[in-house]
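In my numbering, the protein residues as written are 6 to 260. Even for Gly, the Cβ is constructed at its ideal location relative to N, Cα and C. What follows is a single structure, written as structure tokens, with notes after it.
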């Protein structure tokens with residue numbers, strides 16, 4: 006039976022050694038990485054299209070790859086809209102308007118709403134840490150991206166200038182505690198591709214993402230982050246992981 010396990014991807018992160026080309030640790034490479042991260046963190050608004058894929062290791066040891074497309078729109082300090090379509094045709098997304106987190110599935114025609122007033126940074130931490138939601142590359146959406154990379158990255162190196170694509174990029178590589186990463190950064194200090202290798206996971210599965218249509222000044226209106234349920238859509242309770250629910254049940258008032 007084919008297993009399709011969804012990853013909870015929290016950060017950037019693969020170290021590929023080109024044949025005959027030794028990599029040397031490079032302080033400028035890390036500085037370039039942090040400039041990219043700070044550029045993205047400083048953006049008040051941005052939108053981007055992402056085509057991504059990830060390995061799922063089967064019980065036989067074979068790796069199968071699944072894909073996904075995402076359209077992301079961020080308006081700081083407290084809004085995000087994500088539209089997603091998986092390779093099996095399932096589609097949906099999430100929306101945070103500064104007070105509520107809305108999850109929706111077009112395929113199942115259901116949605117859930119969770120009250121969570123605050124910043125986008127806090128909402129993402131809550132979605133991933135408390136609700137156990139899948140938010141690929143969540144760190145890219147947070148204003149702490151540069152600080153996180155500064156703290157967690159090691160062995161950041163410059164690999165090469167990639168000239169094969171229409172937009173030339175600088176190919177960088179580094180390591181996080183649980184994953185190796187490669188990232189291709191264009192002259193506008195925005196990423197065009199990321200590859201993550203989960204080196205401590207069985208089979209060392211990979212995740213990759215390709216970015217296009219970056220816009221640091223997208224059009225945002227009063228209705229951009231308003232959720233309108235489709236006709237006959239069913240509102241369902243927010244699903245809290247069992248371990249979280251058990252902990253809440255043991256605490257008076259569920260606090």
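Which stretch, first to last residue, makes up the beta strand (DSSP E) that contains residue 33?
-> From DSSP, residue 33 is part of no beta strand (DSSP E) but of the alpha helix (DSSP H) over 32-47.
On the CB-based measure, 16 or more other CB atoms within 10 Å of its CB, does residue 231 come out buried or exposed? By the 16-neighbour rule on beta-carbons within 10 angstroms, residue 231 is exposed.
Burial state of residue 119, where buried means 16 or more other Cβ atoms lie within 10 Å
Residue 119 should be labelled buried.
* **Neighbourhood of residue 211 by C-beta distance below 8 Å, restricted to the same chain and skipping five residues each side** => Within the same chain, residue 211 has close Cβ partners 19, 59, 60, 200, 201, 202 and 203.
- Along the alpha helix (DSSP H) that carries residue 66, what are the first and last residues, could you check? Unbroken run through residue 66: none, as it is neither H nor E.
TODO: Please list, in chain order, all residues of the same chain as residue 205 whose beta carbon is under 6 Å from its beta carbon, the five residues on each side excluded.
DONE: The beta carbon of residue 205 sits closer than 6 Å to the beta carbons of 183 from its chain, once the five residues preceding and following it are set aside; these are given in chain order.
Does the distance from the CB of residue 228 to the CB of residue 78 come in under 8 Å? The beta carbons of residue 228 and residue 78 sit no closer together than 8 Å.
Starting from residue 159, follow its DSSP beta bridges and name the residues at the other end. The bridge partners DSSP lists for residue 159 are 180.
Please confirm if the stretch 96-110 is in contact with the stretch 148-164, defined as three or more CB-CB distances below 8 Å between the two stretches.
Flag = no, the stretch 96-110 and the stretch 148-164 do not touch.
Using CA atoms only, rank isn't needed, just tell me which of 188, 222, 111 and 45 is closest to residue 167. Cα-wise, what sits closest to residue 167 is 188.
Exercise for review: Identify every residue that forms a DSSP beta bridge with residue 138.
Suggested key: For residue 138, which the question treats as bridged, DSSP gives no partner whatsoever.
Q: Determine the direct distance from the alpha carbon of residue 73 to that of residue 54, and round the result to whole angstroms.
A: So the alpha carbons of these two residues sit roughly 11 Å apart.
Checking the sheet assignment: what are the DSSP bridge partners for residue 55? Bridge pairing for residue 55: 75 and 216 [DSSP].
Quiz item: For residue 197, does the count of other Cβ atoms within 10 angstroms reach 16, so buried, or fall short, so exposed?
Solution: Here residue 197 is buried. Its C-beta has 16 or more other C-beta atoms within 10 Å.
- prompt: For residue 221, which of helix, strand or coil comes out of DSSP?
  reply: When secondary structure is reduced to three states using DSSP, residue 221 falls in the coil class, being assigned neither helix nor strand.
Problem set entry | Cβ neighbour criterion (16 or more within 10 Å) applied to residue 29 | The predicted model places residue 29 with a pLDDT of 47, which falls under 50 and marks its position as unreliable; any figure quoted below should be read in that light. Exposed, because fewer than 16 other Cβ atoms sit within 10 Å of the Cβ of residue 29.
Rounded distance between the beta-carbons of residue 39 and residue 221, thought under 8 Å: Contact between residue 221 and residue 39 does not hold, since the beta-carbon distance rounds to 18 Å and is not under 8 Å.
Relative to the C-alpha of residue 145, which candidate in 37, 43 and 32 has its C-alpha closest?
For residue 145, the nearest C-alpha among the options comes from 43.
Does DSSP put residue 60 in a helix, a strand or coil?
Residue state for residue 60 is assigned as strand, using DSSP reduced to three classes.
Straight-line Cα distance separating residue 194 from residue 225: If you draw a straight line from the Cα of residue 225 to the Cα of residue 194, it is about 23 Å long.
Using beta-carbon positions only, say whether residue 41 and residue 214 come within less than 8 Å of one another.
For residue 41 and residue 214, no; Cβs fall outside 8 Å.
Are residue 240 and residue 116 close, meaning C-beta to C-beta below 8 Å? Taking 8 Å as the Cβ cut-off, residue 240 and residue 116 qualify as a contacting pair.
Could you tell me the boundaries of the beta strand (DSSP E) in which residue 107 lies? For residue 107, the uninterrupted beta strand (DSSP E) segment begins and ends at 105-110.
query = Between which two residues does the beta strand (DSSP E) harbouring residue 89 extend?
reply = According to the DSSP assignment, residue 89 belongs to the beta strand (DSSP E) that extends over 84-91.
ask   = If you drop the 5 nearest sequence neighbours on each side, which residues of the same chain put their C-beta closer than 6 Å to that of residue 278?
value = The structure shown has nothing for residue 278, since the chain only spans 6 to 260.
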